[in-house]
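Report on the structure given below.
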Amino acid sequence: MAESWDYQPGCSTFAAARLENLYQAAGRTAASDPAAVDEMRRLLATELDVPAALDLAIGTGGGPARTLASVLGLS
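Mapping of the sequence shown onto the numbering used here: residues 70 to 144, in sequence order.
Listed below in structure tokens is the structure:
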């Protein structure tokens, strides 16, 4: 049985800020980090841990952030 979600205005503001952070990180020219991409894929595939994958992508920037944006259909 699916649970309903309560709407909270602050959540959409937080989500918009995280998305902007991801786009800014994707714009960085940092070299691609295959280990970071592999870890993001593991987080998504085994744990569905999108927040942790976002943290990793935003912190690493460059290629990993672009990869995550693509995987999530945000690019």
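By construction, the Cβ of each residue, glycine as well, lies at the ideal position given by its N, Cα and C atoms.
Since the structure is predicted, the reported quantities are computational estimates derived from the model, not experimental observations.
**Request:** Taking only the alpha-carbon atoms, compute the straight-line gap between Ala-100 and Gly-131 and give it to the nearest angstrom.
**Result:** 6 angstroms
**Asked** Mind checking Leu-135: buried by the 16 CB within 10 Å criterion, or exposed?
**Response** Inspection of the sequence shows that residue 135 is occupied by Arg rather than by Leu. Result: buried.
**Request:** Can you grab the Cα-Cα spacing for the pair Ala-138 / Cys-80, in whole Å?
**Result:** 20 angstroms
**Where Gln-93 sits in the DSSP three-state scheme** = helix
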